[in-house]
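Just so you know, the sequences run in chain order A and B. All residue numbers for the first sequence refer to the numbering used here, where the first residue is 1 and numbers rise by one. All residue numbers for the second sequence refer to the numbering used here, where the first residue is 1001 and numbers rise by one. Using N, Cα and C, we set each Cβ at its ideal position, and we do this for glycine too. Below is one structure, written out as structure tokens; comments come after it.
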Amino acid sequence: GNSVTQMEGPVTLSEEAFLTINCTYTATGYPSLFWYVQYPGEGLQLLLKATKADDKGSNKGFEATYRKETTSFHLEKGSVQVSDSAVYFCALRETSGSRLTFGEGTQLTVNP
Amino acid sequence: NAGVTQTPKFQVLKTGQSMTLQCAQDMNHNSMYWYRQDPGMGLRLIYYSASEGTTDKGEVPNGYNVSRLNKREFSLRLESAAPSQTSVYFCASSPRGRDNQPQHFGDGTRLSIL
């Protein structure tokens, strides 16, 4: 079956540091890949997505590239802010449906 | 823009009590989903409804039932609550299937079972 594995957290960074959160997946076919963000006390919001190999999703300074050869979709940001503190979830959607499979989530804390 | 609305936001139950979690969306989406979120386990799909009139089991359906009342509403019922069902429950919706549109989430229901 499908699965998503994220780097273990929590991650604590200083403001303006570089961020990488690793995500790898197992799936048949050609899934779509997503990063969702959850701010404290809120539901999940879509951060970015990529639907085919070598696509790069980007939003709010975050980027992730769909790497089929390494089955990865790592999230990066060049300079994090305190307001980026949240839980980040990597997810995939199977080729022929609408169901999402989520990773465990990574808690990011950015200190001033 | 309401999006996906869940009620209640918080609830405490005693073991054995029953409860229905409500979810409504105003985006004319065909598909709706119920997830539970537990520490270190991400979100796990309980049940989903691909379209009005259909429901299917997800990854962790035991102990739950659902009703797709109409296109807008999708409820989750716990018939006899157990402490293992203490969790945060999220409802989500999306347009049908293969158009790569994302799921939209509600703010969650925090449920504690004593």
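Around the C-beta of A/K49, 16 or more other C-beta atoms lie within 10 Å, and the residue is accordingly described as buried. Within the region 39 to 71 of chain A, G41, E42, G43, L44, Q45, L46, K49 and T51 place their CB atoms closer than 9 angstroms to a CB of chain B, listed in sequence order. Here DSSP, grouped into helix, strand and coil, assigns B/Q1006 to strand.
DSSP places B/L1111 inside the beta strand (DSSP E), whose first and last residues are T1109 to I1113. Residue state for B/S1080 is assigned as coil, using DSSP reduced to three classes.
According to DSSP, residue pairing for A/R67 in a beta bridge involves A/S72. Residue pairing from DSSP places A/S14 in a beta bridge opposite A/N111. The C-beta distance from A/Q81 to A/E15 rounds to 6 angstroms, short enough to meet the 8 angstroms contact threshold. The beta carbon of B/M1027 does not come within 9 angstroms of any beta carbon belonging to chain A, so the residue lies off that interface. If the five residues before and after B/Y1033 are omitted, its C-beta is found closer than 6 angstroms to the C-beta atoms of Y1048 and A1092, all from its own chain and listed in chain order. Secondary structure at B/V1012: strand, using DSSP grouped into helix, strand and coil. The beta carbon of B/R1068 sits closer than 8 angstroms to the beta carbons of M1032, S1049, E1052, G1053, T1054, T1055 and F1074 from its chain, once the five residues preceding and following it are set aside; these are given in chain order. By the criterion of a C-beta distance shorter than 8 angstroms, B/K1014 is surrounded in its chain by A1081, I1113 and L1114, once the five residues flanking it on both sides are discounted.
Under the DSSP assignment, B/M1032 falls in the beta strand (DSSP E) whose first and last residues are S1031 to Q1037. Approximately 16 angstroms separates the beta-carbon atoms of A/F89 and A/K77; this is outside 8 angstroms, ruling out the contact. In this structure, the beta-carbon distance from B/Q1103 to A/S98 falls below 9 angstroms. Between A/V110 and A/L47 the beta-carbon gap is near 15 angstroms, outside 8 angstroms, which marks them as no contact.
Per DSSP, reduced to three states, the secondary structure at B/V1060 is coil, with no helix or strand assignment. For the options B/R1077, B/R1072 and B/M1041, the alpha carbon positioned closest to that of B/N1062 is the one of B/R1077.
Residues of chain A whose Cβ lies closer than 9 angstroms to the Cβ of B/F1090 are, in chain order, G43 and L44. Within chain B, not a single residue places a beta-carbon under 8 angstroms from that of A/S85; the smallest gap is close to 17 angstroms. Following the DSSP letters along the chain, one finds A/G43 in no beta strand (DSSP E), marked with neither H nor E.
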